[in-house]
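Chemist: Got a structure for you, questions after.
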Ligand code: AMP
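This is how it looks when you write it as structure tokens:
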């Protein structure tokens, strides 16, 4: 199946092949015609499946055949939860548009950098705006942009945008949009509660569900290594040495841990850096560019790097600290094994977070074998999770904590310790 047979113009089909896309991926096969026909879309597609191009290509086609946006207006609004994703989507749009007969005006706006150049960029209107919600609201407050002419709204990583953390900002943006518009929601995961919210936004959507067996399933080998918490940096160094990975993304739970672990690796002569929400936008862009170019071997990051970031040829992801939720686990490991490559996702599990990892496995419907690496075998035992006799309900039949409650408590304890 070719890109033109999906309804894309020869110029856009050519733009796709210039990016090395030989044939549409499963999500592109389903989403491109649906979007071109004007349908709302609710697409669940694995990370790495080509979902960015699945909406960027038809958006560009709609722009080619549509009218120009007036000053301080836009026809197409793409909302993204992180600055990195916004920048990445902007790059994809620009790459796909570079050889078109005419070029769209693409504005990428996100926080952490000066607002003035973004206000200037919007002055004459923008054909497509890719934005994080917070900065978009700032620009709207400055009257730099109006949303009354938006025809198409895209929520990428939609589950995150519909989640509580963004709920307020998102509803303020939605209130400013015209009621009749095309809505395109994409995400790798749609937990049930979020799916219900998503459905309220959509008008008779085409539902696209690309399960891993439909798509070329990412080839990610998931491993679990049991290790004492205090030994994790040494084990990481050992793995870097024995596997010889060209580049690795290491996830930790806090900004402080990111700096600390990156510092320890640097002290050991490893080309490492930290990436977290306290880094300036310049630093964030620079360390990602350095990892991609090979100047860095290890990037130690918090979950700011978990979603959507596309790092080609990333052979390994390490969960130095476990993610808080099974959904974050999916996003983290999805940074490797992208675009047909294979990858390894390694989770370090110490005794005190074994219960939390079991919860992640349960939600993922997985049971992974535990490995131990010679010289790094754990010595610490799991904390006692039995109900103490003096907790008020010990010994009363029917009031004992269930196994599930105990697992939840252990996970909560672990989370509390980290935060
Ligand atoms: P995404 O799922 O959008 O993050 O895309 C993952 C990677 O797949 C990106 O590096 C894209 O450049 C690449 N890609 C997107 N569409 C195709 C395609 N049709 N054929 C090959 N690679 C693609």
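Numbering (this note's numbering), first residue to last: 1 to 419.
Heads up, the beta-carbon is just placed ideally off N, CA and C, and yes, glycines get one too.
#1: When burial is assigned at 16 or more other CB atoms within 10 Å of the CB, is residue 85 buried or exposed?
#2: The ligand AMP and residue 49: does the residue's C-beta get closer than 7 angstroms to at least one heavy atom of that ligand?
#3: Could you pull out every residue in the same chain whose Cβ sits closer than 7 angstroms to the Cβ of residue 198, ignoring the five residues on either side in sequence?
#4: Return the CA-CA distance between residue 247 and residue 319, expressed in angstroms with no decimal places.
#5: Within this structure, are the beta carbons of residue 222 and residue 314 separated by less than 8 angstroms?
#6: State whether the stretch 8–22 contacts the stretch 55–63, with contact taken as three or more CB pairs (one from each stretch) at a distance under 8 angstroms.
#7: Taking 8 angstroms as the limit between beta carbons, can you name the residues of its chain near residue 5, skipping five residues before and five after?
#8: Are the CB atoms of residue 28 and residue 50 nearer to each other than 8 angstroms?
#9: Pull up the CB-CB distance for residue 156 and residue 80, whole angstroms please, since I reckon it's below 8 angstroms.
#10: In chain order, what residues of the same chain lie with their CB nearer than 7 angstroms to the CB of residue 281, ignoring the 5 residues before and after it?
#11: Can you say whether residue 57 is buried or exposed, counting buried as having 16 or more other CB atoms within 10 angstroms of its CB?
#12: DSSP on residue 116, reduced to helix/strand/coil?
#13: Mark residue 205 as exposed unless 16 or more other C-beta atoms lie within 10 angstroms of its C-beta, in which case mark it buried.
#14: Of all the beta strand (DSSP E) runs that stay within the bounds of the stretch 326–371, which reach a length of 3 or more residues?
#15: Between the beta-carbon of residue 291 and the beta-carbon of residue 311, is there less than 8 angstroms?
#16: Residue 310: beta carbon under 7 angstroms from a heavy atom of the ligand AMP?
#17: Along the alpha helix (DSSP H) that carries residue 78, what are the first and last residues, could you check?
#18: Find out if the Cβ-Cβ distance for the pair residue 220, residue 90 is shorter than 8 angstroms.
#19: Would you check if the stretch 344–364 and the stretch 256–276 touch, i.e. whether three or more CB-CB distances between them fall below 8 angstroms?
#20: Grab me the residues of residue 417's own chain with a C-beta within less than 6 angstroms of its C-beta, minus the 5 sequence neighbours each way, in chain order.
#21: At 4 residues or longer, and completely inside the stretch 42–66: list those alpha helix (DSSP H) runs for me, N to C.
#22: If you measure between the beta carbons of residue 252 and residue 302, is that distance less than 8 angstroms?
#23: Would you decide whether residue 48 is buried or exposed? Buried here means 16 or more other CB atoms lie within 10 Å of its CB.
#24: Which same chain residues end up closer than 6 angstroms to residue 30 when comparing Cβ atoms and leaving out the 5 residues on each side of it in sequence?
#25: Between the alpha carbons of residue 134 and residue 336, how many angstroms are there, rounded?
#26: Tell me whether residue 386 is buried or exposed, calling it buried when 16 or more other Cβ atoms sit within 10 Å of its Cβ.
#27: Output the distance between the C-alpha atoms of residue 1 and residue 44, rounded to the nearest integer angstrom.
#28: Would you decide whether residue 101 is buried or exposed? Buried here means 16 or more other CB atoms lie within 10 Å of its CB.
#29: Use the C-beta contact count for residue 67: other C-beta atoms within 10 angstroms, 16 or more gives buried, fewer gives exposed.
#30: Less than 7 angstroms between the CB of residue 24 and some heavy atom of the ligand AMP, yes or no?
#31: Let's test the definition: count the other Cβ atoms within 10 Å of the Cβ of residue 125 and tell me whether it reaches 16, buried, or not, exposed.
#32: Name, in chain order, the residues that DSSP records as bridge partners for residue 222.
#33: List the endpoints of the continuous beta strand (DSSP E) containing residue 185.
#34: Residue 396 to residue 350, Cα distance in whole Å?
Modeler: Walking through what the data contain:
#1: Here residue 85 corresponds to residue number 85 of the chain shown, with the count starting at 1. Buried, because 16 or more other Cβ atoms sit within 10 Å of the Cβ of residue 85.
#2: Locating residue 49 in the chain shown gives position 49, counting from the first residue. Yes.
#3: Within the chain shown, residue 198 is the residue found at index 198, counting from 1. Once the five neighbours on either side are set aside, the close Cβ partners of residue 198 are 42, 158, 162, 185, 190.
#4: Locating residue 247 in the chain shown gives position 247, where the first residue counts as 1. Locating residue 319 in the chain shown gives position 319, where the first residue counts as 1. Between residue 247 and residue 319, the C-alpha separation is close to 15 angstroms.
#5: On the chain shown, residue 222 is found 222 positions in, with the first residue counted as 1. On the chain shown, residue 314 is found 314 positions in, with the first residue counted as 1. No, they are not a contact pair.
#6: yes
#7: Here residue 5 is taken as the residue at index 5 of the chain shown, counted from 1. Closer than 8 angstroms at the Cβ level, and outside the excluded window around residue 5, lies no residue.
#8: Locating residue 28 in the chain shown gives position 28, where the first residue counts as 1. Locating residue 50 in the chain shown gives position 50, where the first residue counts as 1. In this structure, residue 50 lies closer than 8 angstroms to residue 28 by Cβ.
#9: Position 156 of the chain shown, counted from the first residue, corresponds to residue 156. Position 80 of the chain shown, counted from the first residue, corresponds to residue 80. 5 angstroms between Cβ atoms; contact.
#10: Numbered from its first residue, the chain shown carries residue 281 at position 281. So the list reads 83, 112, 113, once near-sequence residues are dropped.
#11: Locating residue 57 in the chain shown gives position 57, counting from the first residue. That one is buried.
#12: As a working note, residue 116 is residue 116 in the chain shown. Residue 116: helix per DSSP, three-state reduction.
#13: As a working mapping, residue 205 is identified with position 205 in the chain shown. With 16 or more Cβ atoms within 10 Å of its Cβ, residue 205 is classed as buried.
#14: 342–349
#15: The residue labelled residue 291 in the question sits at position 291 within the chain shown. The residue labelled residue 311 in the question sits at position 311 within the chain shown. A contact, by the Cβ cut-off of 8 angstroms.
#16: Along the chain shown, read from residue 1 onward, the residue named residue 310 stands at position 310. Yes; taking the cut-off as 7 angstroms, the Cβ of residue 310 has a heavy atom of the ligand AMP nearer than that.
#17: Numbered from 1 along the chain shown, position 78 holds the residue referred to as residue 78. Where residue 78 is concerned, there is no enclosing alpha helix (DSSP H), although the beta strand (DSSP E) it sits in stretches over 76–79.
#18: Counting from one through the chain shown, the residue named residue 220 turns up at place 220. Counting from one through the chain shown, the residue named residue 90 turns up at place 90. Cβ atoms of residue 220 and residue 90: not closer than 8 angstroms.
#19: no
#20: Counting from 1 along the chain shown, the entry for residue 417 is found at position 417. Confidence in residue 417 is poor, its pLDDT being 45 and thus under 50, which makes the residue's placement unreliable; the coordinate value appears in the next sentence. Excluding residues within five positions, none has a Cβ falling inside 6 angstroms.
#21: 51–64
#22: Numbered from its first residue, the chain shown carries residue 252 at position 252. Numbered from its first residue, the chain shown carries residue 302 at position 302. Going by C-beta atoms, residue 252 is nearer than 8 angstroms to residue 302.
#23: Within the chain shown, residue 48 is the residue found at index 48, counting from 1. When all chains shown are included, residue 48 counts as buried.
#24: Position 30 of the chain shown, counting from 1, holds the residue named residue 30. Cβ within range, chain order: 208.
#25: Working through the chain shown from its first residue, we reach residue 134 at position 134. Working through the chain shown from its first residue, we reach residue 336 at position 336. Cα to Cα, residue 134 sits roughly 29 angstroms from residue 336.
#26: In the chain shown, counting from the first residue as 1, residue 386 sits at position 386. Because residue 386 sits at a pLDDT of 39, beneath the cut-off of 50, its placement in the model cannot be relied upon, and the point is left open.
#27: Stepping through the chain shown from its first residue, residue 1 is reached at position 1. Stepping through the chain shown from its first residue, residue 44 is reached at position 44. One C-alpha to the other measures close to 21 angstroms.
#28: One-based indexing of the chain shown puts residue 101 at position 101. Flag for residue 101 reads exposed.
#29: Your numbering for residue 67 matches position 67 in the chain shown. The residue is exposed, with fewer than 16 neighbouring Cβ atoms inside 10 Å.
#30: Residue 24 sits at position 24 when you count from the first residue of the chain shown. Yes, the Cβ of residue 24 comes within 7 angstroms of a heavy atom of the ligand AMP.
#31: Here residue 125 refers to the residue found at position 125 of the chain shown. Per the 10 Å Cβ criterion, buried.
#32: The residue you call residue 222 lines up with position 222 of the chain shown. Its beta-bridge partners are 345.
#33: By 1-based counting over the chain shown, the position of residue 185 is 185. Taken as a continuous stretch (DSSP letters only), the beta strand (DSSP E) holding residue 185 covers 182–187.
#34: Along the chain shown, read from residue 1 onward, the residue named residue 396 stands at position 396. Along the chain shown, read from residue 1 onward, the residue named residue 350 stands at position 350. In this prediction, residue 396 has a pLDDT of 28, which is less than 50 and means its spatial position is unreliable; what the coordinates show is noted afterwards. About 32 angstroms.
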